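*Asks:* This is the structure I have questions about; it appears just below.
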Amino acid sequence: MAVSTKRRLLPVILIANDLRSGDVVFYGDDGWTCDLGRARVAQDHGAADDLEATGARSMARQNVVDAYLIEIEPTTDGPRPRHFRERFKTTGPTIYPHLGRRFGAAQAAAAGE
Amino acid sequence: MKLLDRDGVRADTFSRATPGDRDLHDRPIVPLESLETQLSSREKRHVGVEVSNVASVEQLAPHFDDLALIAIVFPAYSDGRGFTLARRLRNAGFRGVLRAVGPLIADQFAHALACGFDEIEAPDAIAERQPYEQWRRAGASISLPYQQGYSRANSIFEQRRLARRGECNA
Amino acid sequence: MYKYDRFDAHFVRERVAQFRDQVERRLEGSLTEDEFKPLRLQNGLYLQLHAYMLRIAVPYGVLSAVQLRQLALIADRYDRGYGHFTTRQNLQFNWPKLVDVPEILDLLADVDMHCIQTSGNCIRNVTADQFAGVAGDEIEDPRPVAELIRQWSSHHPEFSFLPRKFKVAVSGAAHDRALLKAHDLAIRIVRNEAGEAGYEVLVGGGLGRTPMIGKVVRDFLPKGELLPYLEAVMRVYNAEGRRDNKYKARIKILVHEIGVEAFQARVEAELRAIEPISPVDETAELARIAEAFDTIDYARLAPRSERFEAARARDARFAAWAQTSIFTHRVDGYAAVTVSLKPVGGVPGDMTSEQMRLFADLAERFSLGEIRVTHAQNLVLPHVRLDDLHALWLELADAELATDNVGLITDIIACPGLDYCALATARSIPIAQAISMRFGDAVRQAEIGPLQIKISGCINACGHHHVGHIGILGLEKRGQESYQITLGGDATENAAIGELLGPGVTAQEVPDAIERIVDHYLARRLADEPFIDAVRRLGVDEFRAAFLGTQDEAA
Ligand code: HEM
Ligand code: SF4
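Top to bottom, those sequences are chains A, B and C. Heads up, the first sequence is in my numbering, so the first residue is 1 and it goes up one at a time. Heads up, the second sequence is in my numbering, so the first residue is 114 and it goes up one at a time. Heads up, the third sequence is in my numbering, so the first residue is 284 and it goes up one at a time.
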């Protein structure tokens, strides 16, 4: 799903799955995060290339798998993926809203994290 | 490249000879195209041949008795044609050394040995990332496979057959 | 049921240890993701959109109550409290963590289960008629052959890195309930003129991007010669199947490109090159395996149950359920009961851990502890006494498992689609839900009669849309989900690929489009004429007009 440099529409963020858990993660200023709102937004191609390189490095270091850039539009609630596929990927199955990201958050809360 | 077999990492006693090559190789591995000329000018049983995984048994069978080694190239670990070619060569009676050349991974060691390979010539990068200990462990991970008739004599089907005949119940 | 002997049990444990080692080597970097991927796939572990997905083999769809309870435990402990039954008779968990998978595999091994070869470019888990051993139209129980193939193909040294996946199905019945002709290889147990049982072998079926119907390559293979024959087929495919293009790598393309006769000739030549005699004493192995399936202690019962007849006369809802859910058992006084996993508006094939436990209890009380999974994503209780049917129905109703729609328009097959699947181009489950809501009324469904809708979220066709009476394929068109509708597919022994009706429609338009097709059928059918027969008689063009809304009666 990677977007070629010429075609990509800015801004973009870096998305991946955590190698160990499979959870959807985003690259933010403090490293990988499950919180879409904290994803680092690349506004120009230079920053996007940097993000892409970060993704490749992270994959090589066994932190994440399937890292790629996705196009987003900034909203007041944070980044919103332009493509419906990536929107579903960031929210969870549309058929089970309770099993999406909130489930992971609830689990984490229950575990006292 | 590193050469691995059942006993560990080994020195390669063969070397690659290219068609125009003037060096004298003691035990050359030659491409299929120059096999005939090499065989005519050398002692038998000192020559190896390297073939792609689409080579046919018919091309090689006439030389079985003269050949010391057949090396089959795996272009990628996911390309399993080499396993079938090895098996066909063994079925057709080749008794020399069978070598798998290419980026196989440790987890395919058992497959390769069972299909009749004796040794793997793996790229350095893989051999370094996957030290021999991993090959040994992966190769032994299934101690008793189901398939009968592959290079290991023992199998689950065979054990059951023996048990039925009351011969052995190990 | 087949019980592992010590060899099977030992093999599965070793396979778990092997995978545990592979996971560790992946985490510490000895294996790259590219190297690990085929290894995890051969153990049923995918990476989907939101998480990993683990596909658990339910060999030929046979499951015990004890096993289902263990699946419930895994769902609660390592997943999110539910599982999804698939068209290949397996169960998928959608949220396991990679690091937990070895433990899950150990829990599976505790109950003789595994995830071996439920994915990857290898010989996949073997599927079979869900009524195997139960059906009256059966020449022989196909399960022993299926189990023999399962064992023979497990961790095969030569056939684990094939050009592409290789799916096998087996049936011993006159009617095809296993979708034989859509498999890479299918085995039908048949009798020759001398009355001996043997195997008819079909090769080259498959759905996906280029749907094809399997062709007979051997009309009678004597018993005892199966494994060498399979070895020859696999060897020809492994050597010659295309590897230059993954969409052309299935055996169906090889058979199509070189022709059936050439393919047969190569297989026969390969057979001559190997020992013609099976290295395995197949007869003895089949007999050993068959013993495990023959142990069922049926009671001697009358063919007719007064209790059942009275309940049916008394209770119309029960009668309606019985009408769709009961399959005649070969043993007097018993029935096989199909339990719909398609509640109106629900997610096809999903089951919660709570339902699993309850269902396991019911299987023990009413069906000798045995369960079957169907390719239509439903479950079967294969050995229920007619006398017990009403009591069973009441219990199922309490668990919301008594939907009386088996084989009807809301008994929809749907793949996970874009709600889970990384390859999807559109969602499929919400489409199934919307259609199910539209046609959910029990009287209306019964009025429409047998009709199969099958939905896939991309061209890979996991939802079998090609062979649905009505098939729906989700695609992307101009940044939106768009659905193509096909008509006239058939998943039985009359296997046929559906024809496209017209341009794609939006998700919102799908239920209306289906309704126009159904209304046209209702207006034009002869008395008691099922949907698919009417489509065949009237032709697809007439329905196309209805679908496009260019006909008055559809307005
Ligand atoms: C969720 C992750 C899944 C992925 C990534 C996936 C992937 C694929 C792919 C790539 C194909 C096409 C193969 C080819 O044409 O060579 C395929 C076919 C198929 N899959 Fe899946 N699948 C998934 C889930 C499922 C599920 C849930 C089912 C059962 C409901 C299923 C059953 C099938 C069947 C029956 C086919 C068609 C068989 C054929 O191509 O002949 N798959 N799948
Ligand atoms: S048909 Fe496509 S969307 Fe559906 S499960 Fe298969 S690969 Fe995924």
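For each residue, glycine too, the CB sits at the ideal point set by N, CA and C. As the structure is a prediction and not an experimental result, all values here were calculated from the model.
Comparing C-alpha positions only, which one of A/Thr54, A/Asp35, A/Pro93, A/Val65 sits nearest to aspartate 317 of chain C?
*Replies:* The residue labelled residue 317 of chain C in the question sits at position 34 within the third sequence. Minimum Cα distance to aspartate 317 of chain C is reached at A/Val65.
*Asks:* Can phenylalanine 449 of chain C and aspartate 467 of chain C be called in contact, C-beta distance under 7 Å?
*Replies:* Mapped onto the third sequence, residue 449 of chain C falls at position 166. Mapped onto the third sequence, residue 467 of chain C falls at position 184. Taking 7 Å as the Cβ cut-off, phenylalanine 449 of chain C and aspartate 467 of chain C qualify as a contacting pair.
*Asks:* Is the separation between the beta-carbon of aspartate 220 of chain B and that of leucine 322 of chain C shorter than 7 Å?
*Replies:* If you number the second sequence from 1, residue 220 of chain B lands on position 107. If you number the third sequence from 1, residue 322 of chain C lands on position 39. For aspartate 220 of chain B and leucine 322 of chain C, yes; Cβs fall inside 7 Å.
*Asks:* Considering only heavy atoms of the ligand SF4, does any lie closer than 6 Å to the CB of proline 631 of chain C?
*Replies:* Translated into positions along the third sequence, residue 631 of chain C becomes position 348. No, since every heavy atom of the ligand SF4 falls outside the 6 Å radius drawn around the Cβ of proline 631 of chain C.
*Asks:* Could you please give the first and the last residue of the uninterrupted alpha helix (DSSP H) stretch that includes glutamine 301 of chain C?
*Replies:* By one-based count along the third sequence, residue 301 of chain C stands at place 18. Unbroken alpha helix (DSSP H) run through glutamine 301 of chain C: 289–310.
*Asks:* Which runs of the beta strand (DSSP E) spanning at least 3 residues fall entirely within the segment 399–465 of chain C, listed in chain order?
*Replies:* 451–454
*Asks:* Among the residues of its own chain, which have a CB less than 7 Å from the CB of asparagine 688 of chain C, if the five just before and after it don't count?
*Replies:* For the purposes of this step, residue 688 of chain C is taken as the residue at position 405 of the third sequence. Same-chain partners within the cutoff: Thr607, Ser623, Lys625, Asp694, Gln728.
*Asks:* At a cut-off of 6 Å, would you count serine 739 of chain C as near the ligand SF4, judging by its Cβ distance to the nearest heavy atom?
*Replies:* Counting from 1 along the third sequence, the entry for residue 739 of chain C is found at position 456. Serine 739 of chain C Cβ: within cutoff of the ligand SF4.
*Asks:* Please identify, using Cβ separations under 8 Å, the residues of the segment 713–742 of chain C that lie next to chain B, in order along the chain.
*Replies:* none
*Asks:* State the Cα-Cα distance for the pair alanine 779 of chain C and glycine 732 of chain C, rounded to the nearest angstrom.
*Replies:* The count along the third sequence starts at 1 and reaches residue 779 of chain C at position 496. The count along the third sequence starts at 1 and reaches residue 732 of chain C at position 449. In this structure, the straight-line span from the alpha carbon of alanine 779 of chain C to that of glycine 732 of chain C is close to 20 Å.
*Asks:* Relative to chain C, which residues along the segment 221–252 of chain B have a C-beta separation below 9 Å, given in chain order?
*Replies:* Gln221, Ala223, His224, Ala225, Leu226, Ala227, Cys228, Ile239, Arg242, Gln243, Pro244, Gln247, Arg250, Ala251
*Asks:* Reducing DSSP to helix, strand and coil, say where arginine 363 of chain C ends up.
*Replies:* As a first step, residue 363 of chain C must be located in the third sequence, where it is residue number 80. DSSP places arginine 363 of chain C in coil when its eight states are reduced to three.
*Asks:* Would histidine 333 of chain C count as contacting chain A if we go by Cβ distances under 7 Å?
*Replies:* Within the third sequence, numbered from 1, the residue matching residue 333 of chain C stands at position 50. Yes, because at least one Cβ of chain A sits closer than 7 Å to the Cβ of histidine 333 of chain C.
*Asks:* Looking at the unbroken beta strand (DSSP E) that takes in alanine 619 of chain C, where does it start and where does it end?
*Replies:* Translated into positions along the third sequence, residue 619 of chain C becomes position 336. Looking at the DSSP string, the run of the beta strand (DSSP E) that includes alanine 619 of chain C is 617–622.
*Asks:* Could you confirm whether any beta carbon from chain C is found closer than 7 Å to the beta carbon of serine 191 of chain B?
*Replies:* Position 78 of the second sequence holds residue 191 of chain B. Interface residue, yes.
*Asks:* Using a Cβ-Cβ cut-off of less than 7 Å, list which residues of the segment 53–68 of chain A approach chain C; keep chain order.
*Replies:* Correct list: Met59, Gln62, Val65, Asp66.
*Asks:* If we ignore side chains and look at the alpha-carbon of each, how far apart do valine 818 of chain C and tyrosine 804 of chain C end up?
*Replies:* To locate residue 818 of chain C, count along the third sequence from 1; it is residue 535. To locate residue 804 of chain C, count along the third sequence from 1; it is residue 521. About 8 Å.
*Asks:* Give the single residue among A/Pro97, A/Pro93, A/His98, A/Gly78 whose Cα lies nearest to the Cα of alanine 705 of chain C.
*Replies:* Mapped onto the third sequence, residue 705 of chain C falls at position 422. Considering only alpha carbons, the answer is A/Pro93.
*Asks:* Which residues in the same chain have their Cβ closer than 7 Å to the Cβ of lysine 531 of chain C, if we skip the five residues on either side of it in sequence?
*Replies:* Residue numbering aside, residue 531 of chain C sits at position 248 when the third sequence is read from its first letter. Same-chain partners within the cutoff: Arg525.
*Asks:* Listing by chain order, which chain B residues have their CB less than 8 Å from the CB of alanine 429 of chain C?
*Replies:* For the purposes of this step, residue 429 of chain C is taken as the residue at position 146 of the third sequence. Near alanine 429 of chain C there are no residues of chain B at all, since even the closest Cβ is about 15 Å away, more than 8 Å.
*Asks:* By how many angstroms is the C-alpha of glutamine 272 of chain B removed from the C-alpha of leucine 202 of chain B?
*Replies:* As a first step, residue 202 of chain B must be located in the second sequence, where it is residue number 89. As a first step, residue 272 of chain B must be located in the second sequence, where it is residue number 159. Answer to the nearest angstrom: the Cα atoms are 27 Å apart.
*Asks:* Report buried or exposed for histidine 438 of chain C, applying the criterion of at least 16 other Cβ atoms within 10 angstroms of its Cβ.
*Replies:* One-based indexing of the third sequence puts residue 438 of chain C at position 155. Label assigned to histidine 438 of chain C: buried.
*Asks:* By DSSP, does aspartate 795 of chain C sit in helix, in strand, or in coil?
*Replies:* In the third sequence, the residue the question calls residue 795 of chain C occupies position 512. Looking at aspartate 795 of chain C - three-state DSSP - the assignment turns out to be helix.
*Asks:* Assign proline 342 of chain C to one of two classes, buried (16 or more other C-beta atoms within 10 Å of its C-beta) or exposed (fewer than that).
*Replies:* For the purposes of this step, residue 342 of chain C is identified with residue 59 of the third sequence, where counting begins at 1. Around the beta-carbon of proline 342 of chain C, 16 or more other beta-carbon atoms lie within 10 Å, marking it buried.
*Asks:* Between lysine 737 of chain C and alanine 709 of chain C, what straight-line distance do the alpha-carbon atoms span, to the nearest angstrom?
*Replies:* Against the third sequence, residue 737 of chain C aligns to sequence position 454. Against the third sequence, residue 709 of chain C aligns to sequence position 426. Linking lysine 737 of chain C to alanine 709 of chain C through their CA atoms gives a straight-line distance of about 14 Å.
*Asks:* So the alpha helix (DSSP H) valine 170 of chain B belongs to, where does it begin and stop?
*Replies:* By one-based count along the second sequence, residue 170 of chain B stands at place 57. Per DSSP, valine 170 of chain B belongs to the alpha helix (DSSP H) from 170–173.
*Asks:* Please determine if the segment 247–266 of chain B and the segment 212–230 of chain B are in contact, where contact requires at least 3 C-beta pairs separated by less than 8 Å.
*Replies:* yes
*Asks:* When the Cα atoms are used, what is the spatial distance from leucine 351 of chain C to alanine 582 of chain C?
*Replies:* Within the third sequence, residue 351 of chain C is the residue found at index 68, counting from 1. Within the third sequence, residue 582 of chain C is the residue found at index 299, counting from 1. Those two C-alpha atoms are separated by around 25 Å.
*Asks:* Just to confirm the assignment, what range does the alpha helix (DSSP H) spanning arginine 518 of chain C have?
*Replies:* The residue given as residue 518 of chain C occupies position 235 in the third sequence. Note, arginine 518 of chain C: alpha helix (DSSP H), 509–523.
*Asks:* Excluding the 5 residues flanking aspartate 118 of chain B on each side, which residues of the same chain have their C-beta closer than 8 Å to its C-beta?
*Replies:* Within the second sequence, the letter at position 5 stands for residue 118 of chain B. The answer, listed in chain order, is Asp231, Glu232, Ile233.
*Asks:* List the residues of chain A that leucine 330 of chain C touches, going by C-beta distances under 8 Å, in chain order.
*Replies:* Your numbering for residue 330 of chain C matches position 47 in the third sequence. Going along chain A in sequence order, the residues near leucine 330 of chain C (Cβ under 8 Å) are Asn17, Gly22, Val65, Asp66.
*Asks:* Between glutamate 146 of chain B and glycine 215 of chain B, what straight-line distance do the alpha-carbon atoms span, to the nearest angstrom?
*Replies:* By one-based count along the second sequence, residue 146 of chain B stands at place 33. By one-based count along the second sequence, residue 215 of chain B stands at place 102. CA-CA distance, glutamate 146 of chain B to glycine 215 of chain B, rounds to 20 Å.
*Asks:* Flag asparagine 267 of chain B as yes if its beta-carbon sits less than 7 Å from any beta-carbon of chain C, otherwise no.
*Replies:* One-based indexing of the second sequence puts residue 267 of chain B at position 154. Taking Cβ atoms only, chain C never reaches closer than 7 Å to asparagine 267 of chain B, which makes this a no.
*Asks:* Kindly list, in the order they appear in chain A, the residues whose Cβ is closer than 7 Å to that of valine 630 of chain C.
*Replies:* For this step, residue 630 of chain C is matched to residue 347 along the third sequence. Correct list: Ile95.
*Asks:* Between alanine 707 of chain C and the ligand COA, is the CB less than 6 Å from at least one heavy atom?
*Replies:* With respect to the ligand COA, the structure offers nothing, as its ligand set consists of the ligand HEM and the ligand SF4.
*Asks:* Mind checking if aspartate 702 of chain C is an interface residue toward chain A, Cβ cutoff 7 Å exclusive?
*Replies:* By 1-based counting over the third sequence, the position of residue 702 of chain C is 419. By this cut-off, aspartate 702 of chain C is an interface position.
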